[in-house]
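J.:
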Amino acid sequence: GAGVSQTPSNKVTEKGKYVELRCDPISGHTALYWYRQSLGQGPEFLIYFQGTGAADDSGLPNDRFFAVRPEGSVSTLKIQRTERGDSAVYLCASSLDRGPVTEAFFGQGTRLTVV
Amino acid sequence: DQQVKQNSPSLSVQEGRISILNCDYTNSMFDYFLWYKKYPAEGPTFLISISSIKDKNEDGRFTVFLNKSAKHLSLHIVPSQPGDSAVYFCAASARNTDKLIFGTGTRLQVFP
Numbered sequence: 300g301a302g303v304s305q306t307p308s309n310k311v312t313e314k315g316k317y318v319e320l321r322c323d324p325i326s327g328h329t330a331l332y333w334y335r336q337s338l339g340q341g342p343e344f345l346i347y348f349q350g351t352g353a354a355d356d357s358g359l360p361n362d363r364f365f366a367v368r369p370e371g372s373v374s375t376l377k378i379q380r381t382e383r384g385d386s387a388v389y390l391c392a393s394s395l396d397r398g399p400v401t402e403a404f405f406g407q408g409t410r411l412t413v414v
Numbered sequence: 187d188q189q190v191k192q193n194s195p196s197l198s199v200q201e202g203r204i205s206i207l208n209c210d211y212t213n214s215m216f217d218y219f220l221w222y223k224k225y226p227a228e229g230p231t232f233l234i235s236i237s238s239i240k241d242k243n244e245d246g247r248f249t250v251f252l253n254k255s256a257k258h259l260s261l262h263i264v265p266s267q268p269g270d271s272a273v274y275f276c277a278a279s280a281r282n283t284d285k286l287i288f289g290t291g292t293r294l295q296v297f298p
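Chains as they are written, first to last, in the working numbering: chain D, 300 to 414; chain S, 187 to 298.
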């Protein structure tokens, strides 16, 4: 498809386990963003990649969260020792260039539930 | 500290009438504002944006107004259609940053 693809669409995991969430951006988009949306809230910024490098990771809540984008395309968000408070919808977005002036296209999200 | 606020969690409007969604912000460094629309089980979709150098931007049925002195923006949809029923998020960014700060959203329902 032509849009941003996120897998899996749903993930249920036990507290303390490790999870990986995948994002396939739109082909040719150099900027990639991860956001997290908790129930009743708006999306909250986690990290931004320009190419392969994390240009801004100020939104990652703690060192259990890590993201990579080794070839400047697909990105993986990794969460270690998951906690119930990590339950949320994790959204990925990509855009042609840096900054929000160029509109970002969002994927459908991965709903993570930690039990 | 909620920098972008949407104080109305929901709004119900009759088809054909105007829908007005409001957003307030506190950070005077914000210089670009966007509205996103979100249907259930889908990601947010960009709707319309406005730069701080403007006070109005129009795109078809959608118009965004920005009042910098009041740190307030609004989205007008006219005429409203049932397909407009969704959650609308206001978002803002500051110069030289690459992240969006979102409000909590307003659920719009347009009824026949």
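The C-beta atom is built at its ideal place from N, Cα and C for all residues, glycine as well.
Can you check which of these residues, S238(S), P195(S), S194(S) and I263(S), is closest to L252(S) by C-alpha distance?
T.: S238(S)
J.: Got a sec? Which residues, its chain only, sit under 6 Å from T375(D) by beta carbon, not counting five neighbours each side?
T.: E319, R321 and V367
J.: Do you know whose CA, among N282(S), S279(S), S194(S) and L261(S), lies nearest Q340(D)'s CA?
T.: S194(S)
J.: Quick one: which chain S residues come within Cβ less than 9 Å of G350(D)?
T.: The contact set of G350(D) on chain S, defined by CB atoms closer than 9 Å, is empty, because the minimum CB distance reaches about 13 Å.
J.: Can you find a CB in chain C that lies within less than 8 Å of the CB of E402(D)?
T.: Among the chains of the structure shown, chain C does not appear; the protein chains present are D and S.
J.: Look at the alpha carbon of D241(S) and the alpha carbon of P265(S), and state the distance between them as a whole number of angstroms.
T.: 21 Å
J.: Please work out which residues of its chain come closer than 8 Å, Cβ to Cβ, to S235(S), disregarding the five sequence neighbours upstream and downstream, and give them in chain order.
T.: If you ignore the 5 residues before and after S235(S), its C-beta comes within less than 8 Å of the C-beta of Y218, F219, L220, W221, N243 and V250, all in its own chain and listed in chain order.
J.: Using only CA atoms, which one of R203(S), R281(S) and C276(S) lies nearest to P342(D)?
T.: Distance check between P342(D) and each of R203(S), R281(S) and C276(S) places C276(S) closest, using alpha-carbon atoms only.
J.: Taking N208(S) and S260(S) to be in contact with their CB atoms under 8 Å, please state how far apart those CB atoms are, rounded to whole angstroms.
T.: 5 Å
J.: Please confirm whether F405(D) has its beta-carbon closer than 8 Å to some beta-carbon of chain S.
T.: yes
J.: Name, going along the chain, the residues of the region 225–247 of chain S whose beta-carbon falls closer than 9 Å to a beta-carbon of chain D.
T.: A227, E228, G229, P230, T231, F232, S235 and S237
J.: Let me see if you follow: with CB-CB separation under 8 Å, is F344(D) close to chain S or not?
T.: yes
J.: Could you spell out where the beta strand (DSSP E) holding S235(S) opens and where it closes?
T.: T231 to S237
J.: D362(D) by DSSP, collapsed to three states: which one?
T.: Correct three-state label for D362(D): coil.
J.: Would you please verify whether the beta carbon of G327(D) is less than 8 Å from any beta carbon of chain S?
T.: Chain S places no beta carbon closer than 8 Å to that of G327(D), leaving this residue out of the contacts.
J.: Give the single residue among S304(D), R380(D), E382(D) and Q379(D) whose Cα lies nearest to the Cα of E228(S).
T.: Of all alpha-carbon atoms in S304(D), R380(D), E382(D) and Q379(D), the one lying nearest the alpha-carbon of E228(S) is that of S304(D).
J.: Looking at the C-beta of D284(S), does it have a partner C-beta in chain D at a distance below 8 Å?
T.: yes
J.: According to DSSP, what are the bridge partners of H258(S)?
T.: D210(S) and N253(S)
J.: Are the CB atoms of G299(D) and G302(D) nearer to each other than 8 Å?
T.: No answer is possible for residue 299(D): the residues shown for chain D start at 300 and end at 414.
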